[in-house]
Amino acid sequence: MLQLPAIFSDHMVLQRGKNIAVWGKTDRAVVTVSLEGQIVEAVIEDGNFEALLPPLGAGGPYQLTITAADGSGASAGGTEKPVEEMVFQDVMMGEVWLAGGQSNMELELQNSKDGAEVVKNVQNDRLRYYYTPKIPCVGDALYEAEAESAWELCLPETAGRWSAVGYYFAKKLAEDLNVTVGIIGCNWGGTSASCWVGRETLENDRVISNYIEDYDRIVAEQDPEEHIRAREAYVVYQKAFEKRVEHYYATAENPTWEGALEQCGENQYPGPMGPRSEFRPCGLYETMIQRITPYTLAGFLYYQGEEDDHRPYTYYELLSGLIRQWRKDWRDETLPFLLVQLPMFQSEGEPDYQNWPFVREAQMRVFQTVKNTGIAVILDQGEFANIHPVRKDLVGERLEDQALCQVYGKKEDSEVFGPIYRSYRICQNQMILSFDYANQGIHSTADQITGFEIAGPDRKYYPADAQIQGEEIVISSPEVSQPMYARYCWTNYREVTLFGANQMPVAPFRTSRSDGAVATGSRNGWEFAEES
Numbered sequence: 001m002l003q004l005p006a007i008f009s010d011h012m013v014l015q016r017g018k019n020i021a022v023w024g025k026t027d028r029a030v031v032t033v034s035l036e037g038q039i040v041e042a043v044i045e046d047g048n049f050e051a052l053l054p055p056l057g058a059g060g061p062y063q064l065t066i067t068a069a070d071g072s073g074a075s076a077g078g079t080e081k082p083v084e085e086m087v088f089q090d091v092m093m094g095e096v097w098l099a100g101g102q103s104n105m106e107l108e109l110q111n112s113k114d115g116a117e118v119v120k121n122v123q124n125d126r127l128r129y130y131y132t133p134k135i136p137c138v139g140d141a142l143y144e145a146e147a148e149s150a151w152e153l154c155l156p157e158t159a160g161r162w163s164a165v166g167y168y169f170a171k172k173l174a175e176d177l178n179v180t181v182g183i184i185g186c187n188w189g190g191t192s193a194s195c196w197v198g199r200e201t202l203e204n205d206r207v208i209s210n211y212i213e214d215y216d217r218i219v220a221e222q223d224p225e226e227h228i229r230a231r232e233a234y235v236v237y238q239k240a241f242e243k244r245v246e247h248y249y250a251t252a253e254n255p256t257w258e259g260a261l262e263q264c265g266e267n268q269y270p271g272p273m274g275p276r277s278e279f280r281p282c283g284l285y286e287t288m289i290q291r292i293t294p295y296t297l298a299g300f301l302y303y304q305g306e307e308d309d310h311r312p313y314t315y316y317e318l319l320s321g322l323i324r325q326w327r328k329d330w331r332d333e334t335l336p337f338l339l340v341q342l343p344m345f346q347s348e349g350e351p352d353y354q355n356w357p358f359v360r361e362a363q364m365r366v367f368q369t370v371k372n373t374g375i376a377v378i379l380d381q382g383e384f385a386n387i388h389p390v391r392k393d394l395v396g397e398r399l400e401d402q403a404l405c406q407v408y409g410k411k412e413d414s415e416v417f418g419p420i421y422r423s424y425r426i427c428q429n430q431m432i433l434s435f436d437y438a439n440q441g442i443h444s445t446a447d448q449i450t451g452f453e454i455a456g457p458d459r460k461y462y463p464a465d466a467q468i469q470g471e472e473i474v475i476s477s478p479e480v481s482q483p484m485y486a487r488y489c490w491t492n493y494r495e496v497t498l499f500g501a502n503q504m505p506v507a508p509f510r511t512s513r514s515d516g517a518v519a520t521g522s523r524n525g526w527e528f529a530e531e532s
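So the sequence shown is numbered by the working numbering: it starts at 1 and just counts up by one.
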C-alpha cells in the first residue's frame, strides 16, 4: 500500500530553491523518492513516510517517482512482493503560493470584472492551480473529493473557477520572475479566521477563546443525530432557495434583497452550527489545511476579515494566531504571509457601525508587528452595498507588488505602498500628521480633502479641515482647541480620494488606540462589546 496526499498529481508545481517535502502512507519497509536525478530514501514511522528532496532551480517538465518495497526483497513466505510505484508527469519547479481566506479570495475568475472574457481566451503554460476540496467534515465525501482533485492547467475549461485574486497574482508573478507559478486555493466564503486554526490556538489565548467556548456550549446541548438531520434538511432547502433567488434576480425588473426574501422565502444561511457545519471553529483547519501541510510553499496570500467584524477588537490576536499556526504547520517561522486589508464597504440601509475600521487597523498592526508579512492596501477598491467588489485584478497585482518587495527584493517600499501614518506633532490648535512612503507627496482627487477627524482630551471627534503640505497633512477644527487624537477614514464606507504619487491610497488610521473609539449598535444579533 502506497498513498500520497491528493495534492500530489500530474501537472503539479513544486517550490524551487527549497527542500521539497514528499509524504504519505505505506505498509512497506523502504520508500524512495526521485526527481531529476535526485534520489532520497524516506523516513518511515508507524506507517507514515516523509522524504525531503534537495532544492532545485526553476525548470521542468520533470517526472516525480515514488517507489515502495520490502527491505528484504521477499515476504515471510518467500515470495517477493512487487515494488509499488507512483509516477507523476509534467512536474514543474517554480513558485508555489497558498491563497487562503473567505469569499473575496474564493471569488472565481469568471465572476470577476471582465473575467468571463479573460476565461474565453486564457491559456498560460506558466500558471497552474490546485483547488483544495471543500468538504466540511472528514469522511467518505472528503476522500471521494480528494480522489477527483488534481492540479489544473490554465485553460478555458478550468481557469474560470480559479480564485480571481490568485489568478491575477500568479499571472503577474510568472511574468516578472519568468517562472511557473502554482496557486493552492484553500478558501471558503463566509468563514471566520477561527475556522482555519487548530483548537489549541483558540483555547490557549484568553482574548480569542470565546470562539471555541461558544461553539462548545452549542455542541454540549446538541443531539448529534438531530444536528445531522437538521444539517441535511438545511442543505436541501438552501440549495433550492438559492436557485429561486438566482431566478428572481435574473427576471425581476428592479431586484432587491428584500424583494428576494419576499418572493423566495427565508434565507436559512449559514445553517445549524455543529460538527457538520463548515463554519465551526477549527473545522476547515482539519478538513482543508491539514490535508495539504506541509506541501512546500513560497508563502501565503490571505484575504479575510469580513466574517469577524462582529468581534473586531480581537481580530489582531486571531490573525496573529493564524499566522503562527500556519507557519508552525509548515515548519518555517519565516514563511511570508501577505494579507489584504479590507476595503470600504457598507450594506445598503445599514448604519455605519464603524466596526470595519478596527479590522483594518488589526490587519495593519499585523503587518507592522509580525515579521515577514506584507499588506495590500485596497481601501479604494470597495463598492457600496457589494461586499464582493469585482475588480480583483488590482487586488492580485497589489499582492504581487508586496511579493516583489517583501519576498523577492525586486521593488522598493516606496513603489508598493501609498502613504502610511507614522507620527504627529502639535502646533497650537493644529495637528501635523507625518507619513511613511510620502516622499513624492500626497494628492487628493477631490476639490476638498475629507475623511479626517480630530479630538481633544474629551476624546469627542469632529470633522477636521485638512491641508496637504508636501509630505505632511495639517488638520484642525474650530471645535477642538487642544488636539490630542486624530483619525482618517474611520468608517465602514466613504469615497476614497487621498493617494500617494504612485496612485496607492493613503491607508486608514487613528493616531492612538486609546482614543475611546468603539463600534456601535448590533448586527445580526451580535452586540459589539467595548474594547478593553
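For each residue, glycine too, the CB sits at the ideal point set by N, CA and C.
Just so we're clear, the structure is a prediction, and the values are computed from it rather than from any experiment.
Report the residue from the options whose alpha carbon sits nearest the alpha carbon of residue i.
i      : options                           : result
Arg217 : Asp176, Pro312 and Met273         : Met273
Gly190 : Arg16, Glu232, Ala376 and His388  : His388
Ser423 : Gly500, Thr511 and Leu399         : Thr511
Ala145 : Ile135, Glu152 and Leu153         : Ile135
Arg533 : Glu453, Val138, Asp140 and Ala159 : Look at the range of the chain in this structure, 1 to 532, and you will see that residue 533 is not part of it.
Tyr249 : Cys264, Pro82 and Tyr237          : Cys264
Ala298 : Trp326, Leu335 and Cys282         : Leu335
Glu80  : Tyr485, Pro55 and Arg28           : Arg28
Val91  : Leu155, Ala58, Asp10 and Gln15    : Asp10
Asp114 : Asp70, Leu142, Cys154 and Tyr168  : Tyr168
His247 : Gln238, Ala260 and Val235         : Ala260
Ile183 : Met93, Gln430, Ser481 and Val366  : Met93
Arg398 : Glu84, Thr369, Leu56 and Asn502   : Asn502
Ala233 : Met504, Tyr269 and Arg425         : Tyr269
Pull up the distance between the alpha-carbon of residue i and that of residue j, whole angstroms please.
i      : j      : result
Gln331 : Asp447 : A small correction: the amino acid at residue 331 is Arg; Gln does not occupy that position in the sequence shown. One C-alpha to the other measures close to 51 Å.
Thr201 : Ala116 : 40 Å
Ala589 : Leu284 : The structure shown does not extend to residue 589, since the chain is modelled only from 1 to 532, so the question has no answer here.
Tyr315 : Ala362 : 6 Å
Leu339 : Ile454 : 29 Å
Lys392 : Asp46  : 45 Å
Lys328 : Ser194 : 16 Å
Ser532 : Ser514 : Note that Ser532 scores 39 on pLDDT, short of 50, meaning its location in the model is unreliable; the coordinates nonetheless yield the value given after this. Between Ser532 and Ser514, the C-alpha separation is close to 10 Å.
Arg487 : Phe452 : 6 Å
Gln537 : Glu41  : It is not possible to answer for residue 537, since the shown part of the chain is limited to 1 through 532.
Glu530 : Glu213 : Its pLDDT being 48, under 50, Glu530 is placed unreliably in this model, and the value from its coordinates should be taken loosely. Roughly 19 Å separates the two Cα atoms.
Leu177 : Asn254 : 47 Å
Ala240 : His227 : 20 Å
Met1   : Cys186 : 28 Å
Tyr461 : Val395 : 32 Å
Asn210 : Pro463 : 36 Å
Arg199 : Gly271 : 22 Å
Glu317 : Tyr302 : 16 Å
Arg291 : Val22  : 13 Å
Phe509 : Pro357 : 8 Å
Ser347 : Tyr353 : 11 Å
Glu106 : Ala170 : 15 Å
Arg161 : Ala150 : 14 Å
Phe49  : Gly24  : 5 Å
Val122 : Pro156 : 6 Å
Ser414 : Asp380 : 18 Å
Gly321 : Gly456 : 35 Å
Ala141 : Ser277 : 14 Å
Below 8 Å on the Cβ atoms is my guess for residue i versus residue j; work out the distance and round it to an integer in Å.
i      : j      : result
Ala519 : Pro312 : 6 Å
Ile44  : Leu4   : So it is not a contact: roughly 14 Å between Cβ atoms.
Thr373 : Phe337 : 5 Å
Ala164 : Leu109 : 4 Å
Gln15  : Glu95  : 7 Å
Leu52  : Asn104 : That pair is no contact at about 35 Å.
Asp308 : Ser192 : 5 Å
Trp196 : Ile323 : Wrong, their Cβ atoms sit about 11 Å apart, outside the cutoff.
Contact the stretch 338 to 347 vs the stretch 221 to 239: 3+ CB pairs below 8 Å: no
Three or more C-beta pairs below 8 Å linking the stretch 432 to 444 and the stretch 192 to 208: no
Does the count of Cβ pairs from the stretch 393 to 406 and the stretch 487 to 502 closer than 8 Å reach three? no
Are three or more beta carbon pairs between the stretch 438 to 445 and the stretch 463 to 481 nearer than 8 Å? yes
For the stretch 400 to 425, which segments carrying the alpha helix (DSSP H) assignment without a break, of at least 4 residues, lie completely within its bounds, in sequence order? 413 to 416
Complete runs of the beta strand (DSSP E) confined to the stretch 336 to 409 [at least 3 residues]: 337 to 341 and 373 to 377
Any beta strand (DSSP E) of 3 or more consecutive residues that is wholly inside the stretch 178 to 252: 181 to 187
Within the stretch 442 to 471, ranges of the beta strand (DSSP E) (whole runs, at least 3 residues): 442 to 444, 452 to 455, 461 to 463 and 465 to 469
Restricting to runs no shorter than 3 residues, where is the beta strand (DSSP E) found entirely within the stretch 42 to 130? 43 to 45, 48 to 53, 59 to 69 and 84 to 101
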